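0 is the number of the first residue of the sequence shown in numbering that gives the first Met the number 0; add one for each residue after it. Data block below; observations after.
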Amino acid sequence: MGIEHSFCYLTVRSGKVTSRTDDVWHVDGYSEKITHLPEQNYIWCDKFPTEYVEKAFKIPDDFNPKIHNIHLFLQEEIEKSNTPVLKLEPKTLYCLDPYVVHRRPYVPEDETRTFVRISFTPIEIVDDNNTHNPLLERNNPSYDGIKDFRNKLIRYKHSV
Numbered sequence: 000m001g002i003e004h005s006f007c008y009l010t011v012r013s014g015k016v017t018s019r020t021d022d023v024w025h026v027d028g029y030s031e032k033i034t035h036l037p038e039q040n041y042i043w044c045d046k047f048p049t050e051y052v053e054k055a056f057k058i059p060d061d062f063n064p065k066i067h068n069i070h071l072f073l074q075e076e077i078e079k080s081n082t083p084v085l086k087l088e089p090k091t092l093y094c095l096d097p098y099v100v101h102r103r104p105y106v107p108e109d110e111t112r113t114f115v116r117i118s119f120t121p122i123e124i125v126d127d128n129n130t131h132n133p134l135l136e137r138n139n140p141s142y143d144g145i146k147d148f149r150n151k152l153i154r155y156k157h158s159v
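Shown next as structure tokens:
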């Protein structure tokens, strides 16, 4: 395809689900900092498979992703349109790009889940939630994309 990705990230989560950031509607691999070809994310999970929607989203011209929370916008658009929620099959490998709106389903507290993601991306993902290879230099050693950015975004209010 002629796409060159300089970085590869491996995510493995196994055990009781404690994070509440993946159970909101979101996309993986979207960057505001640099225009680039879509990255590829290969995902697999043993149970409680990823949910997704087949829906086109019209992002308003005045929507500013540097101040508006896209996750809240996606949630409202899905609820408003009564779009059916679909599920991937467990124990099956899938490739998602940044245009697949998805979420982790609700997982009861006493259940465990194993999730694996391999991401190929042309830009470095600088985030403290990543485990760092001690042999590689870190450009920004104290950045958490959720606390430092996502949680500071506001809800978009539709123009009348």
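Even for Gly, the Cβ is constructed at its ideal location relative to N, Cα and C. Quick caveat, the model's predicted, so the values are computed rather than measured.
For residue j and residue i, the rounded distance between their alpha carbons
{"i": "tyrosine 8", "j": "tyrosine 41", "result": "10 Å"}
{"i": "asparagine 150", "j": "isoleucine 122", "result": "22 Å"}
{"i": "leucine 92", "j": "glutamate 110", "result": "21 Å"}
{"i": "glutamate 75", "j": "phenylalanine 6", "result": "33 Å"}
{"i": "valine 99", "j": "isoleucine 117", "result": "16 Å"}
{"i": "tyrosine 51", "j": "isoleucine 77", "result": "11 Å"}
{"i": "histidine 157", "j": "glutamate 88", "result": "35 Å"}
{"i": "tryptophan 43", "j": "histidine 25", "result": "17 Å"}
{"i": "threonine 49", "j": "proline 83", "result": "14 Å"}
{"i": "phenylalanine 62", "j": "leucine 134", "result": "40 Å"}
Sub-9 Å separation of residue i and residue j beta-carbons
{"i": "valine 106", "j": "valine 11", "result": "no"}
{"i": "arginine 112", "j": "valine 23", "result": "no"}
{"i": "aspartate 45", "j": "lysine 90", "result": "yes"}
{"i": "proline 97", "j": "aspartate 27", "result": "yes"}
{"i": "arginine 154", "j": "leucine 71", "result": "yes"}
Buried or exposed by the 16-neighbour rule on C-beta atoms within 10 Å, applied to residue i
{"i": "threonine 120", "result": "buried"}
{"i": "leucine 73", "result": "buried"}
{"i": "proline 59", "result": "exposed"}
Spatially closest choice to residue i from the options, by CA coordinates
{"i": "glutamate 53", "options": "Thr17, Asp61, Asp60 and Leu95", "result": "Leu95"}
{"i": "phenylalanine 56", "options": "Pro48, Ser13, Leu85 and Lys79", "result": "Lys79"}
{"i": "leucine 152", "options": "Phe62, Gln39 and Asn68", "result": "Asn68"}
{"i": "threonine 17", "options": "Lys65, Glu108 and Trp43", "result": "Glu108"}
Any beta strand (DSSP E) of 3 or more consecutive residues that is wholly inside the segment 67-132: 93-95 and 111-120
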